[in-house]
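Single-structure report; data block below.
Number of protein chains: 2
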Amino acid sequence: MRTIEWNPEINAVRIIDQTLLPAEYKVIDCTTLEELAGAIRMLKVRGAPALGAAGAYGIALAAHTYDGKNMDGLVSHLNASADVLRSIRPTAVNLFYGINRTLKKALHGSSVDDVRSLALSEAEKLADEDVQLNRRIGDAGAELLNDGDTIMTHCNAGRLACVDWGTALGVVRSAVAQGKKINVIACETRPLNQGGRIPTWELMEDKIPVKLIADNMSAHVMSRGMVDCMIVGADRITRDAVFNKIGTHTHAVVAARYGVPFYAAAPVSTFDLEHTASEITIEERDGDELRFMKDMQIAPRGVEVFNPAFDITPLELVSAIITEKGILRAPYEESFKEYFGVRVGFSPP
Amino acid sequence: MRTIEWNPEINAVRIIDQTLLPAEYKVIDCTTLEELAGAIRMLKVRGAPALGAAGAYGIALAAHTYDGKNMDGLVSHLNASADVLRSIRPTAVNLFYGINRTLKKALHGSSVDDVRSLALSEAEKLADEDVQLNRRIGDAGAELLNDGDTIMTHCNAGRLACVDWGTALGVVRSAVAQGKKINVIACETRPLNQGGRIPTWELMEDKIPVKLIADNMSAHVMSRGMVDCMIVGADRITRDAVFNKIGTHTHAVVAARYGVPFYAAAPVSTFDLEHTASEITIEERDGDELRFMKDMQIAPRGVEVFNPAFDITPLELVSAIITEKGILRAPYEESFKEYFGVRVGFSPP
Numbered sequence: 509m510r511t512i513e514w515n516p517e518i519n520a521v522r523i524i525d526q527t528l529l530p531a532e533y534k535v536i537d538c539t540t541l542e543e544l545a546g547a548i549r550m551l552k553v554r555g556a557p558a559l560g561a562a563g564a565y566g567i568a569l570a571a572h573t574y575d576g577k578n579m580d581g582l583v584s585h586l587n588a589s590a591d592v593l594r595s596i597r598p599t600a601v602n603l604f605y606g607i608n609r610t611l612k613k614a615l616h617g618s619s620v621d622d623v624r625s626l627a628l629s630e631a632e633k634l635a636d637e638d639v640q641l642n643r644r645i646g647d648a649g650a651e652l653l654n655d656g657d658t659i660m661t662h663c664n665a666g667r668l669a670c671v672d673w674g675t676a677l678g679v680v681r682s683a684v685a686q687g688k689k690i691n692v693i694a695c696e697t698r699p700l701n702q703g704g705r706i707p708t709w710e711l712m713e714d715k716i717p718v719k720l721i722a723d724n725m726s727a728h729v730m731s732r733g734m735v736d737c738m739i740v741g742a743d744r745i746t747r748d749a750v751f752n753k754i755g756t757h758t759h760a761v762v763a764a765r766y767g768v769p770f771y772a773a774a775p776v777s778t779f780d781l782e783h784t785a786s787e788i789t790i791e792e793r794d795g796d797e798l799r800f801m802k803d804m805q806i807a808p809r810g811v812e813v814f815n816p817a818f819d820i821t822p823l824e825l826v827s828a829i830i831t832e833k834g835i836l837r838a839p840y841e842e843s844f845k846e847y848f849g850v851r852v853g854f855s856p857p
Numbered sequence: 509m510r511t512i513e514w515n516p517e518i519n520a521v522r523i524i525d526q527t528l529l530p531a532e533y534k535v536i537d538c539t540t541l542e543e544l545a546g547a548i549r550m551l552k553v554r555g556a557p558a559l560g561a562a563g564a565y566g567i568a569l570a571a572h573t574y575d576g577k578n579m580d581g582l583v584s585h586l587n588a589s590a591d592v593l594r595s596i597r598p599t600a601v602n603l604f605y606g607i608n609r610t611l612k613k614a615l616h617g618s619s620v621d622d623v624r625s626l627a628l629s630e631a632e633k634l635a636d637e638d639v640q641l642n643r644r645i646g647d648a649g650a651e652l653l654n655d656g657d658t659i660m661t662h663c664n665a666g667r668l669a670c671v672d673w674g675t676a677l678g679v680v681r682s683a684v685a686q687g688k689k690i691n692v693i694a695c696e697t698r699p700l701n702q703g704g705r706i707p708t709w710e711l712m713e714d715k716i717p718v719k720l721i722a723d724n725m726s727a728h729v730m731s732r733g734m735v736d737c738m739i740v741g742a743d744r745i746t747r748d749a750v751f752n753k754i755g756t757h758t759h760a761v762v763a764a765r766y767g768v769p770f771y772a773a774a775p776v777s778t779f780d781l782e783h784t785a786s787e788i789t790i791e792e793r794d795g796d797e798l799r800f801m802k803d804m805q806i807a808p809r810g811v812e813v814f815n816p817a818f819d820i821t822p823l824e825l826v827s828a829i830i831t832e833k834g835i836l837r838a839p840y841e842e843s844f845k846e847y848f849g850v851r852v853g854f855s856p857p
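Sequences listed follow chains L and Y, in order. Just add 508 to the spot in the first sequence (first one is 1) and you have my numbering. Just add 508 to the spot in the second sequence (first one is 1) and you have my numbering.
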């Protein structure tokens, strides 16, 4: 199955629970907005493109669970539901994109049934588009990889971060599909260990060789020539920086020092060229993520913790951005103009 | 109590079990060399200077547990015990130093009792010297810290890494003793989380403000001006590099990029100027350290893992080395000559 899809039998959003991987593979049906919101909050569904689909299906779910017949009530209900969904991951621009696009389409409906049908078909369309986008991103990026290369990645930008195929790992999958032999080094990605749990699991399923390291081993492996390039996903790309899982910025600094090309792979919907990095709020998560591993205490109970979910990699550290429209390189201001036909300061359509 | 000391009542080496902190404070008496070797292997006692004392007390323990009366047999037994101890942590030069110094002294003895007494008094002397050394390192380094500074550290180079006081945290303790207000950011230090468990515990006991972060947050905090300087310990300093806990090199690269002074604090016994970095073997530890957190599975069972225990920070990334003889700065070749009176290529006496 895809990472996220609509279950038409019970009108639910069906997801793979990524918090249980790799020990357990479990599928969950979210039949209420609260269940879906909880799943997003607990990172059961995560990854920028998958969150876009989660936002879209969330609006479809809100329309289906509305128990009135009145259109005004439905509109209020959808707007309130959109607010709930947006508030969960304020840094994730794809979530906003999925919500806004589906909401806008749905509000063209002239009856409750019509709104439901429009919302669902828009969400399905967005999910299908995401799979196609990922294939195009993968195919574009695969040209950057040579037979025998070792790619380092951080967090998971694989198929489970998307609807299918993956962005950063989509590039790896496309290169492998072209017949290239590719090895992957996956960084553990503290504090929630998405990198230790998910790309490792995905790649082992696909029989692509993968080796796990701790995040802090970055300089050790890069300085010894063990990495040909680094590819990460992105949660938001402003006109000066890539926002991605905390740790990305550290790897990018190390990559720059040791001459390792550093790529971000992301769909155009990730771009937010209206903003610069300093205007974006970084989500801070509960300190217990560093004090406990599930129920196991791993630091003093009362210790103060700083736990930002994302960091900000300046574009000067990014060798290229791989998108479904092609590969953008510095000077980025000109690339943005060339690829999106917009002046910096305006988001692509 | 000290981190490691002799228990004269039962002729045992008494240590604080650091693997149980911060959840439990437990003292262990090692009455056989095998128990002590196991404790070193399991990192129950760890940290370069503490390992020096462990090596020294290990020889004393070997002498006390020898059950013969024959001097030739004792000499063979001590040499074999020294080999066992050396083999446990091949990168830890202080362990070798403690073993060799105590062994040499003990072998001057003319009877079994004499050897025991010489070995123990040499081990006690080494432990006392370590406390004095740490005070001198701390006092030297404290001059580099200003009132109100925030110091970032990695792993634990606190009192539990030494016999007492600490090296990197000894600098912090000395600065605090001088009346300066100092804040510490402790990096978790995957995969064994020494940084999350030990400096946090030590500093909270001493009421010095400490904040825990994941190792990968290095660039995020340094780029935002949250760190005034970084201080780490060292396991070995060759004439071109600092060997320290894996992750140190990554932080040093980030510190260099963001103009954060990067200091190593270590006693002169840590220097190994006979060697360059490429000649030293890096200990690789069991991959299960990244696949499991104690008994909890955190990555796929069969995933390949790369788990070096140390990394190699080139001296060009090190702003200064804080020793009991003073502060060494680049050009290091000249500093080594000035401080140790030896040509590069020869270890200090």
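Glycine is no exception: its CB is placed at the ideal position from the N, C-alpha and C atoms.
The alpha helix (DSSP H) spanning residue i covers which residue range?
| i | result |
| --- | --- |
| residue 650 of chain Y | 620-650 |
| residue 557 of chain L | 556-573 |
| residue 796 of chain L | 796-799 |
| residue 840 of chain L | 840-848 |
| residue 583 of chain L | 579-596 |
| residue 548 of chain L | 541-549 |
| residue 684 of chain Y | 676-685 |
DSSP three-state label for residue i, please.
| i | result |
| --- | --- |
| residue 761 of chain L | helix |
| residue 667 of chain Y | helix |
| residue 792 of chain Y | strand |
| residue 819 of chain Y | strand |
| residue 519 of chain Y | coil |
| residue 709 of chain L | helix |
| residue 857 of chain Y | Low local confidence applies: a pLDDT of 49 at residue 857 of chain Y is under 50, so the model's placement there is unreliable, and no value is given. |
| residue 734 of chain L | coil |
| residue 603 of chain L | helix |
| residue 509 of chain L | coil |
| residue 805 of chain Y | strand |
| residue 532 of chain Y | coil |
| residue 835 of chain Y | strand |
| residue 787 of chain Y | helix |
| residue 715 of chain Y | coil |
| residue 744 of chain Y | strand |
| residue 612 of chain Y | helix |
| residue 812 of chain L | strand |
Just to make sure I have the definition right: I need the residues of chain Y whose C-beta is within less than 8 Å of the C-beta of residue i. Which are they?
| i | result |
| --- | --- |
| residue 798 of chain L | 696, 704, 720, 721, 722 |
| residue 754 of chain L | 722, 724, 725, 728 |
| residue 816 of chain L | 725, 728 |
So which residues of chain L does residue i contact, with C-beta pairs closer than 8 Å?
| i | result |
| --- | --- |
| residue 802 of chain Y | 804 |
| residue 765 of chain Y | 761, 764, 765 |
| residue 757 of chain Y | 727, 728, 731 |
| residue 791 of chain Y | Chain L residues near residue 791 of chain Y: none, gap ~13 Å exceeds 8 Å. |
| residue 701 of chain Y | 806, 807 |
Strictly below 7 Å CB to CB, what residues from chain L border residue i?
| i | result |
| --- | --- |
| residue 708 of chain Y | 807, 808, 811 |
| residue 819 of chain Y | 727, 728 |
On the premise that residue j lies in contact with residue i, defined as a C-beta separation below 8 Å, what is that separation, rounded to the nearest angstrom?
| i | j | result |
| --- | --- | --- |
| residue 828 of chain L | residue 820 of chain L | The Cβ separation is near 18 Å, so there is no contact. |
| residue 706 of chain Y | residue 684 of chain Y | That pair is no contact at about 18 Å. |
| residue 778 of chain Y | residue 671 of chain Y | Their Cβ separation, rounded to whole angstroms, is 14 Å, which puts residue 778 of chain Y and residue 671 of chain Y out of contact at 8 Å. |
| residue 830 of chain Y | residue 724 of chain L | At roughly 22 Å, the Cβ-Cβ gap does not stay under 8 Å, so residue 830 of chain Y and residue 724 of chain L are not in contact. |
| residue 675 of chain L | residue 694 of chain L | With a Cβ gap of about 15 Å, residue 675 of chain L and residue 694 of chain L do not count as contacting. |
Report the neighbours of residue i on chain Y: residues whose CB is nearer than 7 Å to its CB, in chain order.
| i | result |
| --- | --- |
| residue 598 of chain L | Correct list: empty, because the minimum Cβ distance to chain Y is about 17 Å. |
Which residues in chain Y have a C-beta closer than 9 Å to the C-beta of residue i? List them in chain order.
| i | result |
| --- | --- |
| residue 712 of chain L | 808, 810, 811 |
| residue 587 of chain L | Correct list: empty, because the minimum Cβ distance to chain Y is about 34 Å. |
Got a sec, what are the start and stop residues for the beta strand (DSSP E) residue i sits in?
| i | result |
| --- | --- |
| residue 658 of chain L | 658-662 |
| residue 721 of chain Y | 718-721 |
| residue 694 of chain Y | 691-695 |
| residue 771 of chain Y | 770-773 |
| residue 753 of chain Y | 749-753 |
(request) Closer than 7 Å, Cβ to Cβ, to anything on chain Y: give me those residues from the segment 515-531 of chain L, in chain order. (result) 530, 531
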